[in-house]
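Notes follow the structure.
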Amino acid sequence: MSHLHIPDGIIAVWLWILGYLIIGIYFIAVYFQLKKTVEYKKIAMISVLGALMLLSMSIPIPFVLPYHLNLSALLGILTGPFYAGLTIFSVNLILALVGHGGITIVGLNTIVLTAEAIVAFFLFRLLRKSFKKIFPVAFISTFIALVISTALTVGIVYAGTQNLDYVIHKHNNICTDCANHDHDNDYHKGHEEAESFDIKRFIALVLITGTLGWTLESFISAFIINYINRVKPDLLENNWTY
Amino acid sequence: MKITDIDYYAEYGKSWLNRLSTRIKMLAVLLVIATVVISSDIRILGGLYLALLLVVTFSSVPKLKIIKISLYPLIFLILFLVSIKNIVLQTALIFIFKALSAATSLVLLVFTTNYIKIFGTLSKIMPTFLVNVLFLTYRSLFILAKTFESLMDVLKFRGLPAIKRPILFLKTIGNLVGFFVIKSMETGENLYDAMKLRGYSDSFTYLKNK
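Shown next, in the form of structure tokens:
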């Protein structure tokens, strides 16, 4: 639930365009960074991790609801905050091409998941100084990152659907000259009960489905990092990407 | 449905859609997306979805697979529609047609177009480094798929711990993905070495020729 599976045509146009603009600015920064460092190895590593994310999503985790892994927090911990967005964008675009989330939402989705990766990266580095064991550090970093990115998701959905009339242009079809109507008549009594997006209901649904998802993802990410720490700890040092 | 299976249909499919120019198909998808974003007329959106279903029906493409994948957006849409107070059938149908039309057009594109052609067309409008990442991510899927399938076979033969023991269950999955991460990083290193040996500087020449 930490990322948007929203199909096309639901989120307000201005919001998803803004999402693409922000991602565009990020790409300009990446372009200049790559030009400066000429580190094309990062392109290969980032791409392989993208493929890893896509494949790991197909591992079935049948806990009440069929969940799938997201691994953005893990990606942030492994690659650092700067290049994680590039992997996340390519994963989101490929997923959108197979109908998993709208193509117009790719920019916003990249922002949400990159935020998750950034939070996980900094929390992991911060907590590692205070805790001896890596498992709780990875668990807490992932869990908090997931909560923050889900909050961002809810905020985006709320901002993008706050005025449903704007999204479906319904108001124009029903009431073409509202200014001339008597606002006490029956028509407008019905109109007051017009469709509206209930954010509280949405948050409740997200919390019901999300809480279990955050816990599962955090446990799995912590076990993954624990395994990497035992077998190849240098991968967690972030000396090639930051 | 695996992405590697979709690629098989895109590469070896014999439908008239497979033979159609990639640019035309991508323009058609763009048109569908624009209609979905701009229009809120149930007749236009319903007509659009019907037209797409007719295209699926009258092409020798894997119809059921395409329709099944394109229905995926409905899972989130239900969550969204339940959150709308006083929702009427017309509004629900508008959103359903929007979601299904966009998804069907995109799924049709990837089922009938080789990924090299898609990324080749994208390379004309996107920065090179981004197209390279997309191309390599997609390519790496096939390289890693073999390792991944072997790991899934190991999991199947050894048996996953029962869900009744959730921590052990999650630990097994975690260790499996952890191993997969290490293998993937090694694959990334090898991939870069191979690219370097073949003279990679900052772009793939054959993507530009597509």
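Chains as they are written, first to last, in my numbering: chain L, 129 to 370; chain D, 316 to 525. Glycine is no exception: its CB is placed at the ideal position from the N, C-alpha and C atoms.
Residue i - partner residues in DSSP beta bridges
| i | result |
| --- | --- |
| D:K400 | L:S324 |
| L:I189 | L:Y195 |
Short CB-CB distance (under 7 Å) between residue i and chain D
| i | result |
| --- | --- |
| L:D111 | Since the first residue shown for chain L is 129 and the last is 370, residue 111 of chain L is missing from the structure and cannot be characterised. |
| L:F249 | no |
| L:I174 | yes |
| L:G137 | yes |
| L:H133 | yes |
| L:K260 | no |
| L:K257 | no |
| L:I348 | yes |
| L:G178 | yes |
| L:G213 | no |
| L:H228 | yes |
| L:I171 | yes |
| L:I239 | no |
| L:E323 | yes |
Beta carbon of residue i nearer than 7 Å to that of residue j
| i | j | result |
| --- | --- | --- |
| L:I145 | L:I239 | no |
| L:S349 | L:T270 | yes |
| L:G137 | D:K511 | no |
| D:D363 | D:S416 | Note on identity: in this sequence residue 363 of chain D is Leu, with Asp being the wrong assignment. Taking 7 Å as the Cβ cut-off, D:L363 and D:S416 qualify as a contacting pair. |
| L:G147 | L:G235 | yes |
| D:S355 | D:I409 | yes |
| L:I216 | L:A224 | no |
| D:V422 | L:G229 | no |
| L:W342 | L:L274 | yes |
| D:Q405 | D:I357 | yes |
| D:L483 | D:P476 | yes |
| D:L449 | L:S258 | no |
| D:V492 | L:I352 | yes |
| D:V344 | D:S420 | yes |
| L:G233 | L:Y286 | First, the residue type needs correcting, since residue 233 of chain L is Ile and not Gly in the sequence shown. Against a cut-off of 7 Å, the Cβ pair of L:Y286 and L:I233 comes out as no contact. |
| D:F434 | L:L162 | no |
| D:L396 | D:A407 | yes |
Other residues of its chain near residue i: CB distance less than 6 Å, five sequence neighbours each side excluded
| i | result |
| --- | --- |
| L:S346 | F267, T270 and F271 |
| L:I139 | G288 |
| L:I284 | L236 |
| L:K317 | Confidence in L:K317 is poor, its pLDDT being 48 and thus under 50, which makes the residue's placement unreliable; the coordinate value appears in the next sentence. Closer than 6 Å at Cβ, skipping near neighbours: no residue. |
Nonlocal neighbours in the same chain, by C-beta distance under 8 Å from residue i, ignoring five residues either side
| i | result |
| --- | --- |
| D:T436 | T337, R338, M341 and K525 |
| L:N357 | I262 and L364 |
| L:R256 | I262 and V265 |
| L:A332 | none |
| D:A266 | No answer is possible for residue 266 of chain D: it lies beyond the span of chain D, which begins at 316 and ends at 525. |
| L:N95 | Residue coverage of chain L in this structure runs from 129 to 370, which leaves residue 95 of chain L outside it and unanswerable. |
| D:T319 | L456, F457 and A460 |
| L:I187 | H196 and L197 |
| L:V334 | M129, T278, T281 and V282 |
| D:K378 | V371 and T372 |
Interface flag, residue i vs chain L, CB-CB below 7 Å
| i | result |
| --- | --- |
| D:S398 | yes |
| D:P388 | yes |
| D:Y323 | no |
| D:F463 | yes |
| D:K413 | yes |
| D:S374 | no |
| D:F472 | no |
| D:G514 | no |
| D:S385 | yes |
| D:N333 | no |
| D:V370 | no |
| D:A418 | yes |
| D:T428 | no |
Residue i: CB within 6 Å of a non-hydrogen atom of the ligand PLP
| i | result |
| --- | --- |
| L:G288 | No copy of the ligand PLP occurs in the structure displayed, which carries no ligand at all. |
Cβ-based neighbour list, residue i, same chain, cut-off 7 Å, excluding 5 preceding and 5 following
| i | result |
| --- | --- |
| L:A243 | I276, S277 and L280 |
| D:V496 | none |
| L:P209 | A245, I246 and F249 |
| L:L214 | V158 and I174 |
| L:F252 | I205, V265, A266 and S269 |
| L:L182 | V219 and I222 |
8 Å Cβ cut-off: residues of chain C touching residue i
| i | result |
| --- | --- |
| D:S330 | Judged by its chain identifiers, the structure shown contains no chain C, and its protein chains are L and D. |
Problem set entry | Cβ contact (3+ pairs, closer than 8 Å) linking the segment 347-355 of chain D and the segment 383-390 of chain D | no
Exercise. Touching or not, the segment 194-214 of chain L and the segment 233-249 of chain L, by the rule of three or more beta carbon pairs under 8 Å?
Worked result: yes
Exercise. Between the segment 372-379 of chain D and the segment 325-335 of chain D, do at least 3 Cβ pairs fall closer than 8 Å?
Worked result: yes
For this session: Assess, as a yes-or-no matter, whether the segment 151-162 of chain L is touched by the segment 461-468 of chain D under the definition of 3 or more beta carbon pairs within less than 8 Å.
Result: no
For this session: Say whether the segment 491-510 of chain D touches the segment 166-174 of chain L, bearing in mind that this needs 3 or more beta-carbon pairs closer than 8 Å, one atom from each stretch.
Result: yes
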